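Undergrad:
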Amino acid sequence: MKKIIVYCYVLTTFLCLAISINASLAFAQTQIYNPYEDVDWERCGHYKANLHSHTTNSDGKLDPDQVIAEYYNRDYGILSITDHNHVTWPWSDYTKTDSVGMLSVQGNEISNNHHMLSYFTDYKSSLTNKKEVLTEIGEKGGLVVMAHPGRYNASAGWYAELYEKHPNLIGFEAINQGNRYSDDLKLWDKVLSILPADNLVWGFSNDDMHKHEHLGRDWNVFLLTELSEQNLKNAMIKGQFYFSSISTVDNPVGLPPVINSVDVDREDNMVSIQAENYDKVVWISNGKIIHIGESINYKNAKGLQNYLRAEVIGQGGVSYTQPIGFK
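For the sequence shown, the positions run -28 to -1, 1 to 299 when mature numbering (1 follows the signal peptide of the UniProt record, and there is no 0) is used.
(1) Can you check which of these residues, Phe194, Arg189, Met208, is closest to Val221 by C-alpha distance?
(2) Considering only the beta carbon of each residue, do Thr27 and Ile53 sit closer than 7 Å?
(3) Between which two residues does the alpha helix (DSSP H) carrying Val39 extend?
(4) Kindly indicate which three-state DSSP category Leu204 falls into: helix, strand or coil?
(5) Buried or exposed: which applies to Asn178, given that a residue is buried once 16 or more other Cβ atoms fall within 10 Å of its Cβ?
(6) Could you spell out where the beta strand (DSSP E) holding Asp235 opens and where it closes?
(7) Indicate the three-state DSSP secondary structure (helix, strand or coil) for Ile285 in the structure shown.
(8) For Tyr44, collect the residues of the same chain with a Cβ closer than 7 Å to its Cβ; drop the 5 residues on either side in sequence, then sort them by chain order.
(9) Within 8 Å, do at least three Cβ pairs link the segment 190 to 206 to the segment 155 to 168?
(10) Check each candidate in Ala169, Pro7, Ile50 and name the one with the smallest Cα separation from Asn22.
(11) Report the start-end ranges of each beta strand (DSSP E) in the segment 108 to 132 that is 3 residues or longer and not cut off at the edges.
(12) Examine the Cβ distances between the segment 54 to 62 and the segment 203 to 218 and report whether three or more of them are shorter than 8 Å.
(13) CA-CA distance, Gly275 and Gln212?
(14) Do Asp155 and Gly122 have their C-beta atoms closer together than 7 Å?
(15) How many Å lie between His263 and Asn85 at the Cα?
(16) Determine the closest residue to Tyr5 out of Arg238, Asn269, Leu115, with distance taken between C-alpha atoms.
(17) What would DSSP say about Trp255, mapped onto helix, strand or coil?
(18) Do you know whose CA, among Leu187, Ser216, Ala146, lies nearest Gly289's CA?
(19) Since Val193 sits in a beta bridge, which residues does DSSP pair it with?
(20) Hey, how far is the Cα of residue 300 from the Cα of Glu14?
(21) Relative to the alpha-carbon of Ile296, which residue among Pro139, Asp240, Asp235 has its alpha-carbon at the smallest distance?
(22) Mind checking which residues open and close the alpha helix (DSSP H) that includes Val163?
(23) Just the C-alpha distance for Leu99 and Glu81, rounded to the nearest angstrom, thanks.
(24) Between which two residues does the beta strand (DSSP E) holding Met88 run?
(25) Take His18 and list the residues in its own chain whose beta-carbon comes closer than 8 Å to its own, dropping the five residues that flank it on each side.
(26) With distances taken between CB atoms, is the gap from Gly226 to Asp251 smaller than 7 Å?
(27) Just to confirm before moving on: does the CB-CB distance between His58 and Asp180 stay below 7 Å?
(28) Under 8 Å Cβ to Cβ from Gly32, same chain only, skipping five residues before and after it: list those, please.
(29) Since Leu141 and Val116 should fall inside the 8 Å C-beta cutoff, what is the C-beta to C-beta distance between them, to a whole number of angstroms?
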């Protein structure tokens, strides 16, 4: 009888040890894709950007000079005028505003079917085939962000297929014009849940400005050591920015939180955020809140899937991180 008890004890101990070792090995092999990996949070500037705006060259109420002046006076560091099927560029043809210090980004909202925001190219087209348009913009070195996806009836799988096949399609407008399409953010999570951890799509927040009432509600914050077109383009590709909105809280007071750092500690298995002007931090994976707090242990987090993102919530609005991939 004693031999049986000893045997069972040894077997149980062995099995527990094996499970523990296997779990540790599996975790050790986990790959983490952190878009903020190379961000120097102590040295970088935080450049406020609106990458979706319209003028009288399409359906906007303000002429280009007024649009440029409005954003410059609101301390934006980056602006793209994205008139419908029209490239309002260069700014010197349209304005006398002294906008020194604000980076102008060549843009166009391709509006023949599902609207797409094209950047860093003079591309114009009457094509309605989205795959052809994406390919042609890519051939010209341009980047693309899907505009207000919640307006349409396309599935998350449809978007995911486009993102996997077109590397120049780097963004998803998760918040647009006062969060008028609340499904934008939900759909972003659905798309993220499908995409592989090493090829996630970045979220954007833009005014989609057509008139004064649309100004200054939704923006992106790019983390750049120096303001230049190439640095901005690299940050858009790598996801080295966060985005903010005053439109996703009721009766906002003040401004949304400022994110000072997003840190992944691989030794302690922690992801942590430092921020200002916030009440709480919620962590989201697969579209669900899995933790509340400034830090999360990703090894023990229940519900963690292929990505993790955070929403930093304050009385003045919400600031959103880009997703960190886990594989």
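Even glycine gets a Cβ: it sits at the ideal position worked out from N, Cα and C.
Given the structure is predicted, the values throughout are model-derived calculations rather than measurements.
TA: Reading it off the structure:
(1) Out of Phe194, Arg189, Met208, Arg189 has the C-alpha closest to the C-alpha of Val221.
(2) Going by beta carbons, Thr27 and Ile53 fall inside the 7 Å limit.
(3) Looking at the DSSP string, the run of the alpha helix (DSSP H) that includes Val39 is 36 to 45.
(4) Three-state result, Leu204: helix.
(5) Burial of Asn178 is indicated by the presence of at least 16 other C-beta atoms within 10 angstroms of its C-beta.
(6) The continuous beta strand (DSSP E) containing Asp235 extends over residues 230 to 237.
(7) Reduced to three states, the DSSP call for Ile285 is strand.
(8) These residues qualify, in order along the chain: Thr69, Ser71, Met74.
(9) The segment 155 to 168 vs the segment 190 to 206: no contact.
(10) Closest by alpha carbon: Ile50.
(11) Runs of beta strand (DSSP E) with 3 or more residues, each lying fully within the segment 108 to 132, are found at 115 to 118, listed in chain order.
(12) No: the two stretches stay apart, fewer than three of their Cβ pairs being nearer than 8 Å.
(13) Looking at the two C-alpha atoms, the distance is approximately 25 Å.
(14) Going by C-beta atoms, Asp155 is nearer than 7 Å to Gly122.
(15) Inter-residue distance for His263 and Asn85 is about 39 Å (C-alpha atoms, whole angstroms).
(16) Comparing Cα positions, the closest option is Arg238.
(17) Three-state result, Trp255: strand.
(18) For Gly289, the closest C-alpha among the options Leu187, Ser216, Ala146 is that of Ser216.
(19) Partner(s): Lys20, Tyr214.
(20) Residue 300 lies beyond the residue range present for the chain, which begins at -28 and ends at 299; the question has no answer from this structure.
(21) The option with the nearest alpha carbon to Ile296 is Asp235.
(22) Here the alpha helix (DSSP H) through Val163 covers 155 to 166.
(23) If you take the alpha carbons of Leu99 and Glu81, they lie about 13 Å apart.
(24) Counting along the chain, the beta strand (DSSP E) containing Met88 begins and ends at 88 to 91.
(25) Beyond the five residues adjoining it in sequence on each side, His18 comes within less than 8 Å, by CB distance, of Val193, Phe194, Leu195, Val230 in the same chain, given in chain order.
(26) It is not a contact, given that the beta carbons lie outside the stated cut-off.
(27) Not a contact, by the Cβ cut-off of 7 Å.
(28) Excluding sequence neighbours, Gly32 sits near Ser25, His26, Val39, Asp55, Met181, His182, Lys183.
(29) Val116 and Leu141 do touch by the CB rule: their CB atoms are close to 5 Å apart, below 8 Å.
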